[in-house]
Amino acid sequence: MSSSLIPQKWLPYKTYIFLGLTSVLLLLAFSAFLFGPDLFLFKDIGSDTLNVFYPQLHHVADYLQKEGLPTWSFQQGMGQNILPLSLGDPFQWPLYLLGPKQLAYGIAWMEALKLFLAAFFFFRFLGYRQLAPLAQMAGGLAFAFSGFLLIGAGWYVFSTQAVFMALCLWGFERLLAKQKGETFGLSVFFLALNMPVDLYIIGLFVGVYSIFRLLELDQKDKKAIIQLYLGLMIWGAAGLLMSSVLLISTIDQILNSPRVGGESAFFAQLMQEGLGSTQKAEALTILGRLFSPNFFFGAAYEQLPNGQNVLAYKGWNNYLEAPSLYIALPLLLLLPQALFFQKGKQRYLSLAALILLLLPLFVPFFRYSIWLYAGNYYRIYSLFVATGLLLLALKGLSKLLQGAKPNIGLLIFSFVFWAALLYVPFLSAKEVQVDQSLQNLLFIFLLGAALAIAALAIEKYRLQAFGFLALLFLGELIFSAKQVYSSDRQIVSKEEWSQNIGYQDESMAALAKIEAQDKGFYRIEKMYSSSPAMHNGLNDAKVQNFKGSSSYHSFNQKNYIRFLAKTAVIDPKDENQTRWAPGIRQRPLLQVLASSKYWLAKEPVNPFFYVLQDSVGPVKIWKNSMYLPLGFTYDSKCAEKQWEALPNDNQAIQKQMALLKTLVLAQEDLAAFAALKDNPLNHLNPQAYGPNELGQDVANRSRKVVSWSKLGQKHLQGEIALEQPAALFLSIPFDPNWQLLVNGEAQPIYRAQLGFMAIPLPAGQHQLELQFSPPYWQPALLGSLLGFLIFGGLLFWQRKR
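Residue numbers (my numbering): 1 to 801.
Right under this line is the structure:
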């Protein structure tokens, strides 16, 4: 926008105009969720909202009310530290205040707020790039309504990434302009607090951007450059230190998760690919999703008569993981114009930046390198590419707004080029399937934008042309948002949420019956999922408030996964199985070991040693007649290597039997349990192992058990009396951050039964106390305190200066 297009008196209010326009667009885009019948919870390919994010939000909100600071939880898998990824996203804090029962109604408001802030922060960032005010506004809107943000908002975490990325870019430009550094420091704080991986990857992008920015400004003053990077490091270090309270726990969990440090890590697999190659379907998807997030259809699904679910999306990979580079069609047309308006060094810089941005799209080696070979991801890299294209296109738009006339020949070439790419590559493609009606509509949008830009060359029609182009641009943004959140998606309605279905189904009444008559520690295995999503959920325990054994989590507890892998429940080399961990619902003998006491089932089951106790509607309550309580004892031991030598046939049944007969320890821990006799494991006969022998094993284990006086999530107290030395076994996944006091004195805890906890105890009466503290908790608290003091000192120094 130049002064000839907008009255000068309006220019001081451009920020308020932009915020008002952004608010209107977002209210239109999210109207069905904010004021209409729907919740921002998706049953389709966006099922993570129901199966991962909502259970986590509900559980943390409930935990905060009942236990305080969320640390250890028995509702995450079989037990895990949940402090990481629970409190780091500030957009979740208002949801926690709403409480577990009401937070679902606030999710859409938080996602709309995130897109609003992403637009605002990017708008402020663009204010330092010498753009015309209208170009600055268009850039803020295009960023907020980019394909990455529209799709990413449906997975919650990705929209948070984009907000902090925009904040980080704004903070960098403020420091570059020799203004204030707190914006950059806060961006580092929020990035590190929420997810350290985001700090690394967004820091990488901003670092590369900073180099090109200095070259663009032809900055040759070494002192100024040193001051800039010194300021970035100082403010960044303060922000990093402030985040210590959550950062340290999160890093510890990530590094110790099977996904990073386990057998399923992608590093070796991806390293073998060399430079790699982009598949044809992948390349076509990259191209198609430059035009629209829904170019290959949307996120919905159809259930066939045979019960099979068929996804509407027909591009490479899936709707979320596929690259999404969309930034609005008029901006694509302006890319060549931007290069045309640039001269000499500036043009070469832009071309070099484009090559650097686009290279990882077609040479996977560079994309793997960005992700440190942790996986074959696009995700926020898509936003990096979209941001680079956007910044270049805005230069062209700004020139036009400032009075330059478009190069008509180049515009015709640009239109023909993009129109050809819209159709030609997909004419005979069998690898992907295009939404042809959308494709034709996009052509109309493209043609309309080209005509509007061409009309800018005619002086007397410039104002009308800009008006038409603006309306077309805004209309396209709303259209794209409505496409992503279209009415044909399977979405949870507010009416449905208030009824006794989904997570509020008959399971709640069945669980209430169990709770009313049984107050001890026990696990419950649900043989069905209450999630209303197309994919079965594994996190029902986090919503329905019981202790289970399954878990869908990005970074499952490593000893929980180790136990499932060693007992042949999952394949530890399959990264998906380490995240979608089914628990022990199909392993009755392991359920005895893990203090599983009840089944909830809707379909007929093989009862094994479970007895039908009650029912609520279609839900049958089965009780384990071989139940072992938390905290039973062993009088014999063997080494893990000895146990691993047992056969793996028939679900490794001999190995399961052995776990109920003897304590299995790492070789280096055997000496701590010297008082226990050695078990040679030479009398295991699976064919003869029936109720009598199992019953004897259960009787042997339950002769001496702990009497618990306190059974909290992170604090347990009890006592046990032993007539002879024994090993106390606890089916709590081993974590070195549990502290144990026996008769008031600290005592070490050992890993036993492949992933749980065991304690050697002499004969006598023992008072036990178990307390969980997050890793390096006191140094983390001190680090955060020091960080806030430094940040405050920097603010004071900055104001004095």
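Using N, Cα and C, we set each Cβ at its ideal position, and we do this for glycine too.
Inter-residue Cα distance where the pair is M1 and M137: On the sequence shown, position 1 is the one that residue 1 refers to. On the sequence shown, position 137 is the one that residue 137 refers to. Here the model assigns M1 a pLDDT of 39, short of 50, so the residue's position is not dependable and the matter cannot be decided.
Own chain residues within Cβ distance below 6 Å of V280, not counting five before or after: Counting from 1 along the sequence shown, the entry for residue 280 is found at position 280. Before going on, a small fix: residue 280 reads as Lys here, not Val. These residues qualify, in order along the chain: E431.
As assigned by DSSP and simplified to three states, the class of F788: For the purposes of this step, residue 788 is identified with residue 788 of the sequence shown, where counting begins at 1. Helix at F788.
Candidates K178, G171 and N256, of which the one nearest P84 by Cα: If you number the sequence shown from 1, residue 84 lands on position 84. The shortest Cα separation from P84 among K178, G171 and N256 belongs to N256.
Beta-carbon spacing of R579, R259 below 8 Å: For the purposes of this step, residue 579 is taken as residue 579 along the sequence shown, with counting starting at 1. For the purposes of this step, residue 259 is taken as residue 259 along the sequence shown, with counting starting at 1. For R579 and R259, yes; Cβs fall inside 8 Å.
Sequence-distant residues of its chain with Cβ nearer than 6 Å to L361 (five each side left out): For the purposes of this step, residue 361 is taken as the residue at position 361 of the sequence shown. I286, listed in sequence order.
Coarse secondary structure for S23, derived from DSSP in three states: On the sequence shown, position 23 is the one that residue 23 refers to. Of the three classes helix, strand and coil, the one that applies to S23 here is helix, per DSSP.
Cα-Cα separation between K573 and A581, rounded to whole angstroms: In the sequence shown, the residue the question calls residue 573 occupies position 573. In the sequence shown, the residue the question calls residue 581 occupies position 581. Taking the straight line from one Cα to the other gives about 13 Å.
Complete runs of the beta strand (DSSP E) confined to the segment 674-750 [at least 3 residues]: 707-711, 715-722, 726-730 and 738-742
Cα-Cα separation between G20 and Y750, rounded to whole angstroms: Residue 20 sits at position 20 when you count from the first residue of the sequence shown. Residue 750 sits at position 750 when you count from the first residue of the sequence shown. Looking at the two C-alpha atoms, the distance is approximately 60 Å.
Secondary structure of I501, DSSP reduced to three states: For the purposes of this step, residue 501 is identified with residue 501 of the sequence shown, where counting begins at 1. I501: coil per DSSP, three-state reduction.
Spatial distance of F40 from V188 (CA atoms): Along the sequence shown, one-based indexing puts residue 40 at 40. Along the sequence shown, one-based indexing puts residue 188 at 188. About 28 Å.
C-alpha distance - I254 paired with L247, whole-angstrom precision: Counting from one through the sequence shown, the residue named residue 254 turns up at place 254. Counting from one through the sequence shown, the residue named residue 247 turns up at place 247. Each residue's alpha carbon lies about 11 Å from the other.
Reference V706; option with closest CA among S731, Y689 and N682: Walking along the sequence shown from the start, residue 706 turns up at place 706. Residue S731 is the option with its Cα nearest to V706.
Rounded straight-line distance, which links the Cα of T567 to that of W418: Walking along the sequence shown from the start, residue 418 turns up at place 418. Walking along the sequence shown from the start, residue 567 turns up at place 567. C-alpha separation (whole angstroms): 55 Å.
Which listed residue (A393, A118 and Q753) has its alpha carbon closest to that of A166: Along the sequence shown, one-based indexing puts residue 166 at 166. Nearest C-alpha to A166: A118.
P196 burial status per 10 Å Cβ neighbour count (16 or more: buried): In the sequence shown, the residue the question calls residue 196 occupies position 196. Burial call: buried.
Whether I524 touches G548 by CB criterion (8 Å): What you label residue 524 is simply residue 524 of the sequence shown in a count that begins at 1. What you label residue 548 is simply residue 548 of the sequence shown in a count that begins at 1. In this structure, G548 lies closer than 8 Å to I524 by Cβ.
M534 burial status per 10 Å Cβ neighbour count (16 or more: buried): Translated into positions along the sequence shown, residue 534 becomes position 534. So M534 counts as buried.
Rounded C-alpha distance that separates Y313 from F426: One-based indexing of the sequence shown puts residue 313 at position 313. One-based indexing of the sequence shown puts residue 426 at position 426. Each residue's Cα considered, the two are about 15 Å apart.
Option in W708, A726, P725 and A727 with minimal Cα separation from G718: As a first step, residue 718 is located in the sequence shown; it is residue number 718 there, counting from the start. Residue W708 is the option with its Cα nearest to G718.
Euclidean distance between Cα positions of L389 and G207: Locating residue 389 in the sequence shown gives position 389, counting from the first residue. Locating residue 207 in the sequence shown gives position 207, counting from the first residue. About 17 Å.
T633 (DSSP reduced to helix, strand or coil): If you number the sequence shown from 1, residue 633 lands on position 633. It is a strand residue.
Coarse secondary structure for K460, derived from DSSP in three states: The sequence position of residue 460 within the sequence shown is 460, counting from 1. Helix, per DSSP.
Alpha helix (DSSP H) segment containing F143, residue limits: The residue given as residue 143 occupies position 143 in the sequence shown. That run of the alpha helix (DSSP H) goes P133 to A144.
Exposure of R801, with buried meaning 16 or more beta-carbon neighbours within 10 Å: The sequence position of residue 801 within the sequence shown is 801, counting from 1. Burial call: exposed.
Alpha helix (DSSP H) segment containing Y54, residue limits: Within the sequence shown, numbered from 1, the residue matching residue 54 stands at position 54. Per DSSP, Y54 belongs to the alpha helix (DSSP H) from Y54 to K66.
Sufficient close CB pairs (3 or more, under 8 Å) joining the segment 145-165 to the segment 405-423: no
Candidates S73, D44, P100 and F295, of which the one nearest Q65 by Cα: Translated into the one-based positions of the sequence shown, residue 65 becomes position 65. Q65 has its Cα closest to that of P100, out of S73, D44, P100 and F295.
Residue from G409, L25, A763 and A393 with nearest C-alpha to L126: Sequence index remark: in the sequence shown, residue 126 carries index 126 (1-based). When each option's Cα is compared against that of L126, the closest is A393.
Which listed residue (A454, A237, S531 and I234) has its alpha carbon closest to that of L397: Looking up residue 397 in the sequence shown gives position 397. Of the listed residues, the one whose Cα sits closest to L397 is A454.
Nearest candidate by alpha-carbon position, reference T633, set A352, Q753 and L228: Numbered from 1 along the sequence shown, position 633 holds the residue referred to as residue 633. Answer by Cα proximity: Q753.
Three-way DSSP call (helix, strand, coil) for Y301 in this model: The count along the sequence shown starts at 1 and reaches residue 301 at position 301. The answer is strand: DSSP assigns Y301 an E or B state.
8 Å Cβ cutoff met for E806 and L349: The chain is shown from 1 up to 801; residue 806 falls before or after that span and cannot be answered.
Residue from I621, G171 and A283 with nearest C-alpha to M508: Start at 1 with the first residue of the sequence shown, and residue 508 comes out as number 508. With distances taken between Cα atoms, M508 lies closest to I621.
Top-ranked residue by Cα proximity to L694, from R703, K661 and D735: As a first step, residue 694 is located in the sequence shown; it is residue number 694 there, counting from the start. Considering only alpha carbons, the answer is K661.
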